[in-house]
């Protein structure tokens, strides 16, 4: 069967690999859609330090079950499924405390393990969720939206609070939609006006272009001059990571879901003077996936406009180069297999 493999930075090629065999407790999936993630783009650029090349990318997967092994439960051929791409060891402190999404020994499809950009994939049955009510396009969007929802849950948002979300990629949009569903008043922040409409559709009350206005001054006007109780950083660069602690209200919460590829340094006085709660957010849990599926089925996640482009598998290498040349032009690229 055909697969895309990234050999090293900016070099991808199509290869023939053996079809996987469905084992005990496993599900064989016909992969129909794979969403491109920023981590995939960094792998293509040669900037993902966690990847061993050559690597088959892809962890945002929607597909249809082809076959099931013994002990695969109620899953049956023909079911549409979303894939949970992360593994957990079950013995580290995170796993033992009920937070397997932050497993010390995690291995993710398309990063530490070969990913989903191949025509077929086998997964343990407990790593797929059946949802026949949604299309494979929608199922391929669930993973990044669940990561965003997990970040919003980490913020412990209360009804009526002001929440600023920095970065309107799909993870940021997932955080916006989740925070809005929790009853928050959400301000979306990005550097590209092309993200405005979709951010508002996802539930933001206002959009700020940080290159065209003084974001700190605008946010300081909120909440009787106190600023937002929560800031969710979904970009992962020096400026926005540092900015987050300055924007949030005194005694507020900052959640970092953006992954910085380089060391970040900034003044820690804000932590102390404001007595901030600063939290990381990593991956998503099964409960997060199910919550996103429920919101999508109810129509509360307006996902129809998230997909910017479709590329067939044999043009997936062009999808990477097109995205790299104009990142702001795309919210989500789907690869059709």
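Numbering (UniProt numbering), first residue to last: 1 to 337.
Virtual Cβ for every residue (Gly too), placed ideally from N, Cα, C.
Beta bridge counterpart(s) of residue i as assigned by DSSP
i: residue 277; result: 253
i: residue 310; result: 334
i: residue 64; result: 30, 80
i: residue 208; result: 189
i: residue 55; result: 6
Euclidean distance between Cα positions of residue i and residue j
i: residue 335; j: residue 269; result: 45 Å
i: residue 41; j: residue 263; result: 20 Å
i: residue 223; j: residue 186; result: 12 Å
i: residue 64; j: residue 77; result: 7 Å
i: residue 95; j: residue 87; result: 11 Å
i: residue 198; j: residue 306; result: 7 Å
i: residue 53; j: residue 74; result: 36 Å
i: residue 312; j: residue 266; result: 43 Å
i: residue 15; j: residue 143; result: 26 Å
i: residue 345; j: residue 217; result: Nothing can be reported for residue 345: it is not among the residues displayed for the chain, which extend from 1 to 337.
i: residue 62; j: residue 221; result: 42 Å
i: residue 135; j: residue 299; result: 13 Å
i: residue 248; j: residue 101; result: 26 Å
Proximity of residue i and residue j at Cβ, strictly below 8 Å
i: residue 80; j: residue 131; result: yes
i: residue 159; j: residue 175; result: no
i: residue 35; j: residue 332; result: yes
i: residue 283; j: residue 147; result: yes
i: residue 252; j: residue 276; result: yes
i: residue 145; j: residue 82; result: no
i: residue 154; j: residue 279; result: yes
i: residue 109; j: residue 59; result: yes
i: residue 191; j: residue 118; result: no
Among the options, the one whose alpha carbon lies nearest that of residue i
i: residue 329; options: 170, 186, 47; result: 170
i: residue 180; options: 202, 195, 249; result: 202
i: residue 57; options: 229, 96, 85, 104; result: 85
i: residue 157; options: 184, 91, 209; result: 184
i: residue 152; options: 6, 294, 1, 281; result: 281
i: residue 193; options: 178, 182, 177, 213; result: 213
i: residue 233; options: 258, 178, 141; result: 258
i: residue 292; options: 178, 206, 239; result: 178
Bounding residues of the beta strand (DSSP E) (the contiguous stretch that carries residue i)
i: residue 123; result: 120-124
i: residue 7; result: 2-8
i: residue 233; result: 230-233
i: residue 165; result: 162-166
Residue range of the unbroken alpha helix (DSSP H) whose run includes residue i
i: residue 197; result: 196-201
i: residue 318; result: 316-325
i: residue 40; result: 38-45
i: residue 185; result: Counting along the chain, residue 185 falls outside any alpha helix (DSSP H), though it belongs to the beta strand (DSSP E) covering 185-190.
i: residue 108; result: Run containing residue 108: none; DSSP gives neither H nor E here.
i: residue 240; result: 238-247
i: residue 96; result: 93-96
i: residue 136; result: 136-139
Residue i CB to nearest heavy atom of the ligand ZN below 7 Å
i: residue 48; result: Only the bare structure without any ligand can be found here, which leaves the ligand ZN out of the picture.
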